[in-house]
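Only one structure is covered here, and it is reproduced in the block below.
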Amino acid sequence: MKHLTRIAAALAATAIAAPALAADLPARKAAPAMVAVDPPSWTGFYAGVNLGYQFRAGSTGTGALPGFFAPTWDTEMAASMALASAPYSGGKSGSFIGGGQIGYNIQWLGPLVAGLEADIQGLAGGGNGGGVSGGALIPAAFPGETIVSNSTASARVDWLGTLRGRFGYVLTPSLMAYATAGLAYGGVRSSASIMQVNLPFGGAPFTAISTGATSGTRLGFAVGGGAEWKFMRNLGLKLEYLYYDLGSSTQAMTPLVFAGPPYGDLPFQRTHYAGHIVRAGLNYHFDFGGAPVVAKY
């Protein structure tokens, strides 16, 4: 009986002490459940800047149409026209280009992205051909004469803008490759001059000069492709190639007239405004959808 009494007392003491011992133990909480983070989306507005280089693809030069000639001076006029149409060499081969862009993307059907982008940039000395041309010819009917010609021509794009669609494919959540095509427009100008002398005569009656210049805004197209990498949620770095073509123009120059013989022809300048652009850009993607959902502890 005494043993049973002692066991009962020990059990009662243990029951009383257990809560106190439990209170002294460190608290343990269950690990929080992980919440999935939404992958970055390409949908939304963006704006940024770009810098690159334009390689010349256009050209410019001069030619001539028949004008008038006194009897027997037709071979001189033919020689003058041929010299006015001689090819040009030299000129600037390219220029730096920089500006900004804005756009909007929609990501749908998983990895597919469609968007619209507008940009505007200036070209530092945007040469599109030209240079110098020179030569001498002896008229067929007058072997004692020589017509000497020196010409210069230049053409450039001062600024360029585009409005293009972008069609992309998301290779990884942060990397997109895309093709692009659309409208191009730009401010252009060109000028040319031709000076010819009929030797051995020389002097004002046997010297002819023709000049011409034009400027304006032209429309065309642009096409290319590139890739953009989101190295941060709101920042993307892009590398892009574009070919633009603003078409060709023909501008009449002043008549190239020799007063002494007399004879003359009608020069013109013909220019093709086009170029290849390679550029890098930095975009800020506006996040109007809120921050991604993350785990909280």
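Each position in the sequence shown, counted from 1, maps to that position plus 997 in our numbering.
Glycine residues also receive a C-beta, built at the ideal position from the N, C-alpha and C atoms.
Model, not experiment: these values are computed from the prediction.
Practice problem: Would you give the residue range spanned by the beta strand (DSSP E) that M1192 belongs to? | Solution: Your numbering for residue 1192 matches position 195 in the sequence shown. 1172 to 1196 is the span of the beta strand (DSSP E), which, as asked, contains M1192.
Practice problem: Rounded to whole angstroms, what's the CA-CA distance from R1276 to A1067? Just pull it up for me. | Solution: Position 279 of the sequence shown, counting from 1, holds the residue named residue 1276. Position 70 of the sequence shown, counting from 1, holds the residue named residue 1067. Taking the straight line from one Cα to the other gives about 56 Å.
Quiz item: Got a sec: is the Cβ-Cβ distance from Q1266 to anything in chain C below 8 Å?
Solution: In the displayed structure, chain C is absent; only one protein chain is listed.
Quiz item: Quick one: any contact between the region 1037 to 1050 and the region 1267 to 1283, if contact means 3 or more CB pairs under 8 Å?
Solution: They touch, by the three-pair rule.
Quiz item: How would you call L1299, buried or exposed, if buried means at least 16 neighbouring beta carbons within 10 angstroms?
Solution: The first residue shown for the chain is 998 and the last is 1294, placing residue 1299 beyond what the model contains.
Quiz prompt | Integer-rounded CB distance, given that L1160 should sit under 8 Å from L1180 | solution = The sequence position of residue 1180 within the sequence shown is 183, counting from 1. The sequence position of residue 1160 within the sequence shown is 163, counting from 1. About 5 Å separates the two Cβ atoms, so the contact holds.
Exercise. Could you check which residue in H1282, G1087, L1263, L1279 has the C-alpha nearest to that of L1062?
Key: Residue numbering aside, residue 1062 sits at position 65 when the sequence shown is read from its first letter. Answer by Cα proximity: L1263.
Quiz item: What is the DSSP secondary structure of T1072, counted as helix, strand or coil?
Solution: Numbered from 1 along the sequence shown, position 75 holds the residue referred to as residue 1072. DSSP places T1072 in the helix class (H, G or I) of the three-state scheme.
Quiz prompt | Candidates W1226, L1216, I1117: closest to Q1174 by CA position | solution = Within the sequence shown, the letter at position 177 stands for residue 1174. The amino acid at residue 1174 is misidentified as Gln; the sequence shows Ala. Just measuring C-alpha positions, the residue of W1226, L1216, I1117 sitting nearest A1174 is W1226.
Self-check item: Beta-carbon proximity of I1064 to M1074, cut-off 8 Å
Solution: Indexing the sequence shown from 1 puts residue 1064 at position 67. Indexing the sequence shown from 1 puts residue 1074 at position 77. A small correction: the amino acid at residue 1064 is Gly; Ile does not occupy that position in the sequence shown. Result yes, Cβ atoms of G1064 and M1074 sit closer than 8 Å.
Exercise. Could you tell me whether the Cβ atoms of T1149 and S1190 are closer together than 8 Å?
Key: The residue you call residue 1149 lines up with position 152 of the sequence shown. The residue you call residue 1190 lines up with position 193 of the sequence shown. For T1149 and S1190, yes; Cβs fall inside 8 Å.
Quiz item: Taking C-beta to C-beta, are L1172 and A1224 nearer than 8 Å?
Solution: For the purposes of this step, residue 1172 is identified with residue 175 of the sequence shown, where counting begins at 1. For the purposes of this step, residue 1224 is identified with residue 227 of the sequence shown, where counting begins at 1. By the CB criterion at 8 Å, L1172 and A1224 fall inside the cutoff.
Exercise. Using a threshold of 8 Å, state whether the C-beta atoms of Q1104 and E1114 are closer than that.
Key: Residue numbering aside, residue 1104 sits at position 107 when the sequence shown is read from its first letter. Residue numbering aside, residue 1114 sits at position 117 when the sequence shown is read from its first letter. In this structure, E1114 does not lie closer than 8 Å to Q1104 by Cβ.
Practice problem: For A1219, name the three-state secondary structure that DSSP assigns. | Solution: Residue 1219 sits at position 222 when you count from the first residue of the sequence shown. Here A1219 carries a strand assignment [DSSP, helix/strand/coil].
Exercise. Starting from N1102, trace the beta strand (DSSP E) both ways and give me its first and last residue.
Key: Here residue 1102 refers to the residue found at position 105 when the sequence shown is read from its first residue. Unbroken beta strand (DSSP E) run through N1102: 1091 to 1105.
Quiz item: Out of curiosity, what's the CA-to-CA distance linking A1079 and I1144?
Solution: Here the question's residue 1079 lines up with position 82 in the sequence shown. Here the question's residue 1144 lines up with position 147 in the sequence shown. About 11 Å.
Quiz item: Thinking C-beta only, is R1053 closer than 8 Å to S1090?
Solution: Indexing the sequence shown from 1 puts residue 1090 at position 93. Indexing the sequence shown from 1 puts residue 1053 at position 56. It is a contact, given that the beta carbons lie within the stated cut-off.
Quiz prompt | Span of the beta strand (DSSP E) around A1150 | solution = Residue numbering aside, residue 1150 sits at position 153 when the sequence shown is read from its first letter. 1143 to 1169 is the extent of the beta strand (DSSP E) around A1150.
Self-check item: Residues near P1252 by beta carbon distance below 8 Å, same chain, minus five either side
Solution: Locating residue 1252 in the sequence shown gives position 255, where the first residue counts as 1. Around P1252: G1064, S1207, G1261, D1262, L1263, P1264.
Quiz item: Does DSSP classify P1252 as helix, strand or coil?
Solution: Position 255 of the sequence shown, counting from 1, holds the residue named residue 1252. In the three-state DSSP reduction, P1252 falls in the coil class, being neither helix nor strand.
Quiz item: Roughly how many angstroms lie between the CA atoms of T1057 and A1178, to the nearest whole one?
Solution: In the sequence shown, residue 1057 corresponds to position 60, counting from 1. In the sequence shown, residue 1178 corresponds to position 181, counting from 1. One C-alpha to the other measures close to 26 Å.
Exercise. Select from G1184, G1244, G1132, A1249 the residue whose C-alpha is nearest the C-alpha of H1269.
Key: Taking the first residue of the sequence shown as 1, we reach residue 1269 at position 272. If we check each option's Cα against that of H1269, G1244 comes out closest.
Quiz item: What do you reckon, are the CB atoms on A1044 and N1231 nearer than 8 Å?
Solution: For the purposes of this step, residue 1044 is taken as the residue at position 47 of the sequence shown. For the purposes of this step, residue 1231 is taken as the residue at position 234 of the sequence shown. Annotated as distal: A1044 and N1231, with beta-carbon spacing of 8 Å or more.
Exercise. Count the other C-beta atoms from every protein chain shown that fall within 10 angstroms of the C-beta of A1138, then say buried if there are 16 or more, exposed otherwise.
Key: If you number the sequence shown from 1, residue 1138 lands on position 141. The Cβ neighbour count for A1138, taken over all protein chains shown within 10 Å, is under 16; the residue is labelled exposed.
Quiz prompt | Contacting residues, own chain, Cβ-Cβ under 6 Å from A1256 (five flanking each side not counted) | solution = As a position in the sequence shown, residue 1256 is number 259, starting the count at 1. Listed in chain order, the non-local C-beta contacts of A1256 below 6 Å within the same chain comprise P1202, local neighbours out to five positions each way being set aside.
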